[in-house]
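Which chain is which? The protein sequence lines are A and B, in order.
The first sequence maps to residues 233 to 475 in the working numbering.
The second sequence maps to residues 9 to 420 in the working numbering.
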Amino acid sequence: MSETQEFRTGDTPLPDVLILTHKLAREYDMGSETVRALRGVNLQIRRNEYVAVMGPSGSGKSTLMNLIGCLDTPTGGEYWLNGQRVSDLSDDALARIRNKEIGFVFQTFNLLPRATALHNVELPLIYAGLAARGRRAQAEHALTRVGLADRMHHKPNELSGGQRQRVAIARALVNEPSILLADEPTGNLDSTTSAEIMQVFADLHDQGQTVVMVTHEADIAAHAARVVTLRDGLVAADQRRAA
Amino acid sequence: MSFFEAVRLALQQLRAQKLKSAFSLIGVFIGVTFLIAAWSIVNGMNTYMTEKFAGTLVGVNTFHVRRTPNFTPNVSDSVWRAWRRRPRITFEDARAVEHGITIPVQTAWWSQDRGTVAYGLKTTRQVGLNGASAAYFAIRNIKIEMGRAFTPQEDRAGSNVAVLGHDLAERLFEGRDPIGKTLRVNGLPYRVIGVAERRGNLFGISLDKFVVAPALSPIQRAVNPPGVIDALMVRAGSEPEMRAAMEQAEGIMRSRRHLRPRQDDNFALETAEGVLSFWGKIKRALLIAGPGLVLISFVVGGIVIMNIMLMAVAERTREIGLRKSLGARRRDILWQFLSESATIAAVGAALGVCSGILLSALLDAVTPLPARVSPGAVVLGVLLGSVVGIVAGVYPASRAARLDPVVALRQE
């Protein structure tokens, strides 16, 4: 692994660094007191890394995940994503970034219950402004990649938990994002299915996909090449597994 | 997100939640139905009044010289008493006007009352008895179906001949040939010489239950005191000619009554316009009340839609969060919910148009009220309905658009 860049405010990240946070802070104003969920997180993730973010509840991992996923904006510090400083962009600009750069995989899948797998996967492309024909081809390709070529026209309630999560992964991949961002992706799955999904992530990583996964399960985190542990809003440990 | 995408999504939502959608449609549905039905009735009445009612009761380019106007809404008691004191129109008045008018016109005397007509053992009460001149049929556009009308000679001679209305002839003769038969009008013997064509009804009152006999024949005893008529009907060839003839008639009548320049007429000249001004007053009242009621149902409809949309936003908070996480901008979400409420309203309006047209047809067929659907009402109904949907959707949609994706995604 290459050296971590010495980053100072005013610098630009190296082209190889996909995610860079510098003294990233997020405070919540809860009326009488201020909760400091993140207190200056410095983190650099390079292209094609497979990183697991761990930590006990309240450690700030969900907050970090929301910030990395551009769902939230930090109250302090900087966040660079794919060479662009996104920490102070507008709502709509963030929506664009989420659409182009990030593919979310949620614990509860978050599929539209009344839409087919194909339509669910098409959603990000609709917001990207693609025409119907192009959307379909791309969505079919993404579903084929996760092994659901024969389930395209099924609705979520006609699919197993593992298949639903595969649909969600296909949806996350369909825009060819820079990062696949997974939040407890196996939290609602049994161990066999979890293993399957972890295999899908491993395969995607092998194909060059950058994967960031938030989990509190050590055995799931063990699938990643690098494990970042948060505690009390700070990075407590950053371990790389020898390949 | 494209327009069609949004509408497709909205229709999908409507289909998925049928009962809720039905409730949300109902306000706009009722509003549009009511708008179209009410408009159709006013429209139908209007056509009816201008084409049929006024034409039937007074006649085209025709005025009546009468003691008092026949169609008089809201006359105060004192005016009414003054009218009752006026002298009646006499045979001499009528003759003077007939001879005095220099413009080519057709004239007919006319007296009317209700009475009994009997043939053999059959008796019909409440028949319109008309004492009239030969030109009466031409002026009132009554066509003879069977037999003939009476001639000016019979008119002048006061012959006991009668023309029957279609319904009356059917009731008395039940399909047998009435021509040449003798019947009794208030006890007076009359020979039937003709039957008029069917004229239908006016607000459910038959226009075919009448007898017409020469004004100078004994029927005069049944309709008016001796030497008196209800009206002299004067029909001119055109509207300006009618105006000119009216001026002449007014002059003749004033000089006969010895009225000084500052005195008002003590007789009335009534035209179809006079009848229509009566209708105009009713229409004005309807045009004020109608839009008010329609507006209320649209406001209620809008509130219902707004509530349903607020519920939808609350229920689908997680979906909104998901869409945002996938790259939906504020305006995409806004657009989605706006088009959903507009679609609800448009579907409601479309159904309202159908039921409004059906209701109008039903009213027309079942009640004596005439109804005619106007295309303007349909366009306005759909337009108003959709506007209501969009306006009602703005607040819920902007709430949805402003949702914080982190908060929205966390919602259970």
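From the three backbone atoms N, C-alpha and C, an ideal C-beta is built for every residue, glycine too.
Report yes or no: is there a C-beta of chain B within less than 7 Å of the C-beta of residue i?
i: Asp415 (chain A); result: no
i: Leu391 (chain A); result: no
i: Asp451 (chain A); result: no
i: Tyr359 (chain A); result: yes
i: Asp304 (chain A); result: yes
i: Phe341 (chain A); result: no
i: Phe239 (chain A); result: no
i: Asp324 (chain A); result: yes
i: Asn352 (chain A); result: no
i: Ile473 (chain A); result: At residue 473 (chain A) the sequence reads Arg, which differs from the Ile that was named. Chain B contact via Cβ: absent.
i: Arg398 (chain A); result: no
i: Leu405 (chain A); result: no
i: Asn314 (chain A); result: no
i: Arg268 (chain A); result: no
i: Leu299 (chain A); result: no
i: Leu355 (chain A); result: yes
i: Thr244 (chain A); result: no
i: Phe433 (chain A); result: no
i: Arg330 (chain A); result: yes
i: Arg346 (chain A); result: yes
Does the CB of residue i have a neighbour CB from chain A at under 7 Å?
i: Ser347 (chain B); result: no
i: Thr32 (chain B); result: Note that residue 32 (chain B) is Ser in the sequence shown, not Thr. It does not: the Cβ of Ser32 (chain B) has no partner Cβ on chain A nearer than 7 Å.
i: Phe11 (chain B); result: no
i: Ala336 (chain B); result: yes
i: Ser1 (chain B); result: In the structure as shown, chain B starts at 9 and stops at 420, and residue 1 (chain B) therefore has no counterpart that could be examined.
i: Leu342 (chain B); result: no
i: Pro413 (chain B); result: yes
i: Leu430 (chain B); result: Summary: the structure shown does not reach residue 430 (chain B), with chain B confined to residues 9 through 420, and so no result is reported for it.
i: Leu19 (chain B); result: no
i: Leu468 (chain B); result: Lying outside 9 to 420, the shown extent of chain B, residue 468 (chain B) is not represented and no answer is given.
i: Leu330 (chain B); result: yes
Compute the beta-carbon to beta-carbon distance between residue i and residue j, rounded to the nearest angstrom, for a pair I have assumed lies under 8 Å.
i: Ala204 (chain B); j: Lys151 (chain B); result: 7 Å
i: Leu172 (chain B); j: Val242 (chain B); result: Between Val242 (chain B) and Leu172 (chain B) the Cβ distance is about 26 Å, and since that is not below 8 Å, they are no contact.
i: Asp175 (chain B); j: Ser214 (chain B); result: 5 Å
i: Ala257 (chain A); j: Thr307 (chain A); result: 6 Å
i: Gly364 (chain B); j: Ile44 (chain B); result: 3 Å
i: Gly379 (chain A); j: Arg398 (chain A); result: 7 Å
i: Leu313 (chain A); j: Leu296 (chain A); result: About 13 Å; that fails the 8 Å criterion.
i: Thr58 (chain B); j: Leu284 (chain B); result: 6 Å
Quick check on DSSP: helix, strand or coil for residue i?
i: Arg72 (chain B); result: Looking at the sequence provided, one finds His at residue 72 (chain B) rather than Arg. Reduced to three states, the DSSP call for His72 (chain B) is strand.
i: Ala142 (chain B); result: coil
i: Glu390 (chain A); result: helix
i: His254 (chain A); result: strand
i: Phe336 (chain A); result: strand
i: Leu344 (chain A); result: coil
i: Asn219 (chain B); result: Per the sequence shown, the amino acid found at residue 219 (chain B) is Val instead of Asn. In this structure, Val219 (chain B) counts as strand in the three-state DSSP scheme.
i: Arg403 (chain A); result: helix
i: Arg308 (chain A); result: At residue 308 (chain A) the sequence reads Gly, which differs from the Arg that was named. Strand, per DSSP.
i: Lys130 (chain B); result: strand
i: Ala371 (chain A); result: helix
i: Ser246 (chain B); result: coil
i: Ser234 (chain A); result: Here the model assigns Ser234 (chain A) a pLDDT of 48, short of 50, so the residue's position is not dependable, and the following value carries that caveat. Reduced to three states, the DSSP call for Ser234 (chain A) is coil.
i: Ser368 (chain B); result: helix
i: Val378 (chain A); result: coil
i: Asn168 (chain B); result: coil
i: Arg264 (chain B); result: helix
i: Ile38 (chain B); result: helix
i: Met57 (chain B); result: helix
i: Ser322 (chain A); result: coil
i: Leu313 (chain A); result: strand
i: Ser214 (chain B); result: strand
I'd like to confirm something about residue i: is its beta-carbon nearer than 6 Å to some heavy atom of the ligand SAM, or not?
i: Gln271 (chain B); result: No copy of the ligand SAM occurs in the structure displayed, which carries no ligand at all.
Going by DSSP, what residues sit across from residue i in a beta bridge?
i: Arg494 (chain B); result: Residue 494 (chain B) cannot be examined here, being either before or after the span of chain B that is shown, 9 to 420.
i: Tyr282 (chain A); result: A:Val443
i: Ala469 (chain A); result: A:Thr461
i: Tyr198 (chain B); result: B:Leu191
i: Gly155 (chain B); result: B:Gly202
i: Asp121 (chain B); result: B:Leu137
i: Glu259 (chain A); result: A:Arg268
i: Met254 (chain B); result: None, per the DSSP bridge assignment.
i: Leu240 (chain B); result: B:Val73 and B:Trp117
| Which runs of the alpha helix (DSSP H) spanning at least 4 residues fall entirely within the segment 268 to 331 of chain B, listed in chain order? | 280 to 323
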